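One structure is given below, encoded as structure tokens.
Pasting the structure below:
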């Protein structure tokens, strides 16, 4: 594997080949292979197969001298490395050679390392030893070289699997021992050849609340803790018995268990575990993200220790709130509203009476009670009886508790909430009684506002863990603009590290040391690594100063920086005068988890940082902060920042795919459109001839203008581009073979090469679909039907062709109409040339889009009223962006009871299929905006088209790079996207030809823009692109389907109705 490959893609490739890739961090959809090695990543599968170190066969890296270093494991034990008596590694250094050549090793060494030194004894994970007996690359956090590739051991997943979900409703400390019981039981089963534990994950109550966990129990309350486990084996009965026994264990500890057997059900069980980044949503994704490893038999003590820290932090925050509340009631003038008796003017002193004194007395008593609890958590409960009673704490339960738990301390009863520390119950409820009435609403509102403000600074610790190996992720969400909160969190982290060490654990099992944990390593733990670093990289070429704890080269938190999303909340003139505040608000919840990366059309990490949705969000946030700073300092927003803002917005195809995996539902497609709209409104959008020409063509409604523009585009523009490609092919091929990394907009000369590097389509129809049928009049509604087979009662559909299917690639619109004619329905077209409005929204022309959509809806209502006798129930589209935009039109109010459907799904409904095609094999490219919504589009395509040799249509992944006008407005970005698509096209075509097939390979799609994009790869992959409906028309209606249909329609097949 290459170092830059996303972990999830490696897992998917292994799965497709019938194997399992063991490295499985929660960040699998964002992390890369090189990082997995440098950090020695693990994940939920580590309980069975270990971490990266356990599964590496070899890895290659560049050392600090610029030489190649190959590290190979000799005699791999095919298991966890600490179980091997000795692990042997061969280290070979070679000098770099010219491309395509290699040199012989100039130096070879062997390392023999005792297995037990790789991890602290008794722990499943441990990445605190950075020296690792001098083994290069692995676990070094990028400090001794650059990892470039690796070879891995893959595993076979046993044949049968069941996923268990265990929900515990008692106290966490009582439920935690079940982890040890389950692990011990399944370890014993595995030794006897029975079921195996393949993963065991834990979420505490705070995480369950953060991910929006929906309990599977009928109790109707949120569990205190949940475990998710995979139980696998080659004996189905043994796996079933083990799952049943695990659930029985949970039942004995106030728990309930649920089992999933099918792959779909098992995946659903694991979905909540994948959304753990949501814990930091309320702090705009900022959190101190720690992990420790605790021996499983000490885990109960660790959770108690964390609860102790949480209770102290909570009470401290509440006492701060009481102090602020005391200050509020000390004000000379409290806010008052009108009393119920509006006619009577009652003085404030008379209205308030002794209410303020009552409130202050309540605050003082509550403050004393909470302070006592905070200061006496370790006090034996029997000794605290009288003091609790004096503080008005009910003690009716105390004797029964002491009988059951004689050694109970105050902490125990605060932990299980026998004694509550509650602002709602102890303060707010009484204040509402004291200040009862409309006149005091403002006082109560201010009390709630103070509570909200103080609560924002409350620190808490949330836990989720890889329970099978004791790796506990200990997270503290914090607001990066709240200094006191950061200090509280830092102090809490220090306590957590001390707690972990006191339980014979270690301070990191996966996340590494980095800058936040360096201060918690002892001199003995870092000395050997420091000596190693000074020996192999004395000049500090890799991550200079990192992990060294060197006073001359500080590498701890003193030099750390992170974007502070909190600044976005500050008032600013620019926030008030523009949409910048809405843009800031739309990205502020980003958790930076990276789950959007695998689905992003522009995710090309080698190109530059903006080819990643997560980085685009960070860039947007940084630019907003720059805007605010410049506005607050009255410098005015620099032109350079607006240019960078536009560049970020350009790096998006507006496919909206990122919103699906996002735990907090950020749609960067919408963000990009809002950014473009802001640039337009602020008159900061730069002139782009490609965008201007495309939008002129799409905005036009006059037939003469459209036809003239089309003639200029296809007759001159497309031909000139194709000619330039032929002339400059040498330069173009060099650019497309390996597009160089970019920064900002390239110079014009380079942009020209980008524009012509792949040929645009040729041999397009000479006229638009409407011109061929003479239905360009915008005052006439055309109804197209076969007069011989239809009547007034025949089913009628409303077909919205859209710009691409009607104006540019008119064969698509005509093929759709021809197939509707073929199935015997009446086809109603809108009057004149219309655009749905999506291209305008996509380019940031919101005002133009809104007007267009409003005009269209009014027009469609008029059409519906005129043709109410047809009872239209179906709106057909042949374009995905049209589908998405028309969904906002509320067509059910225009044609009551109607639905929107893609032409291909409609044909499948009608039983129209293309069967037994010979001499051709197909791939399918699913557009970013897929119009097929009823089921997986590939399933629909395979149902519509079958070949004579039974070859299934396979999906060809990745974006085509056209994305509406992106191919002409930012061809440099398209080139980067096309580079990835060309790889997929070649692989897909080669696969179809692997058995010696020498016929045509076609790639089908269902989007006009994608059709243009896919045509560009014809020469590269030896393919031909076409629309599904066009391909069906060609085979079902004959090679001359287009002139035949046009002739039939023009010979009495069109009814023209004035609207």
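Numbering (full-length UniProt numbering), first residue to last: 1 to 1059. Even glycine gets a Cβ: it sits at the ideal position worked out from N, Cα and C. It should be emphasised that the depicted structure is a prediction, and the values quoted were computed from it without experimental measurement.
TODO: Please report the Cβ distance between residue 1060 and residue 753, rounded to the nearest whole angstrom; I am assuming they are in contact, meaning their Cβ atoms lie under 8 Å.
DONE: In the structure displayed, the chain extends from 1 to 1059; residue 1060 sits before or after that span and is not available.
Task: Strand pairing of residue 923, partner residues [DSSP] - done: 954, 1003
Task: Length at least 4, wholly inside the segment 785-865: the alpha helix (DSSP H) runs in chain order - done: 810-823, 838-842
- [ ] Could you check which residue in 1001, 884, 1008 has the C-alpha nearest to that of residue 813?
- [x] 1008
TODO: Would you mind giving the Cβ-Cβ distance between residue 224 and residue 175, rounded to the nearest angstrom? I have them listed as a contact below 8 Å.
DONE: 7 Å
Open item on the list: Using a Cβ-Cβ cutoff of less than 7 Å, which residues in the same chain neighbour residue 932 once the five nearest sequence positions on both sides are dropped?
Closed with: 902, 904, 905, 940, 1006
TODO: Go through its chain and collect everything with a Cβ distance to residue 369's Cβ below 6 Å, but skip five positions before and after it.
DONE: 391
TODO: Rank 656, 9, 673 by C-alpha distance to the C-alpha of residue 667 and give the top, closest one.
DONE: 656
- [ ] Determine the DSSP secondary structure at residue 944, reduced to helix, strand or coil.
- [x] helix
- [ ] Report the rounded CA-to-CA distance for residue 785 versus residue 157, giving the unit in angstroms.
- [x] 57 Å
Open item on the list: I'd like to confirm the pairing. Which residues does DSSP put opposite residue 477 in its beta bridges?
Closed with: 287
Task: Where residue 171 falls, given that 16 or more other Cβ within 10 Å makes a residue buried - done: buried
Task: Nearest-angstrom Cα separation, counted from residue 1049 out to residue 825 - done: 13 Å
TODO: Look at the alpha carbon of residue 809 and the alpha carbon of residue 861, and state the distance between them as a whole number of angstroms.
DONE: 28 Å
TODO: Select from 326, 217, 498 the residue whose C-alpha is nearest the C-alpha of residue 446.
DONE: 326
TODO: Output the boundary residues of the alpha helix (DSSP H) element that contains residue 904.
DONE: 903-909
- [ ] Provide the residue(s) that pair with residue 90 in DSSP beta bridges, ordered along the chain.
- [x] 72, 110
Task: Three or more C-beta pairs below 8 Å linking the segment 761-770 and the segment 704-721 - done: yes
Open item on the list: Distance check for residue 911 and residue 1035, CA to CA, integer angstroms please.
Closed with: 16 Å
Task: At least 3 beta-carbon pairs within less than 8 Å: the segment 474-487 vs the segment 354-371 - done: no
Task: Whole-angstrom distance between residue 889 and residue 1028, CA atom to CA atom - done: 26 Å
TODO: Pick out whichever of 217, 929, 894, 405 has its Cα sitting closest to the Cα of residue 885.
DONE: 929
- [ ] Starting from residue 1062, follow its DSSP beta bridges and name the residues at the other end.
- [x] Outside the shown range of the chain (1 to 1059) lies residue 1062, about which nothing can therefore be said.
- [ ] Please report the Cβ distance between residue 988 and residue 509, rounded to the nearest whole angstrom; I am assuming they are in contact, meaning their Cβ atoms lie under 8 Å.
- [x] The Cβ separation is near 41 Å, so there is no contact.
Task: Under the three-state DSSP convention, the category residue 590 falls into - done: coil
TODO: Taking all protein chains shown into account, decide if residue 687 is buried (16 or more other Cβ within 10 angstroms of its Cβ) or exposed.
DONE: exposed
Task: Whole-angstrom distance between residue 415 and residue 39, CA atom to CA atom - done: 36 Å
TODO: Using a threshold of 7 Å, state whether the C-beta atoms of residue 971 and residue 541 are closer than that.
DONE: no
TODO: Consult DSSP for residue 782 and reduce its assignment to one of helix, strand or coil.
DONE: strand
Task: Range of the contiguous beta strand (DSSP E) that encloses residue 62 - done: 56-62
Task: Ranges of the beta strand (DSSP E) found wholly within the segment 1001-1054, counting only runs of at least 3 - done: 1024-1027
Task: Per DSSP, the bridge partner or partners of residue 1081 - done: Because the chain in this structure spans residues 1 to 1059, residue 1081 falls outside the shown range and cannot be described.
TODO: Identify whether residue 14 lies in helix, strand or coil by the three-state DSSP scheme.
DONE: helix
Task: Nearest candidate by alpha-carbon position, reference residue 108, set 91, 120, 9 - done: 91
- [ ] Tell me, please, which residues DSSP counts as bridged to residue 1.
- [x] Per DSSP, none; premise fails for residue 1.
Task: Distance, residue 1055 Cα to residue 6 Cα - done: 56 Å
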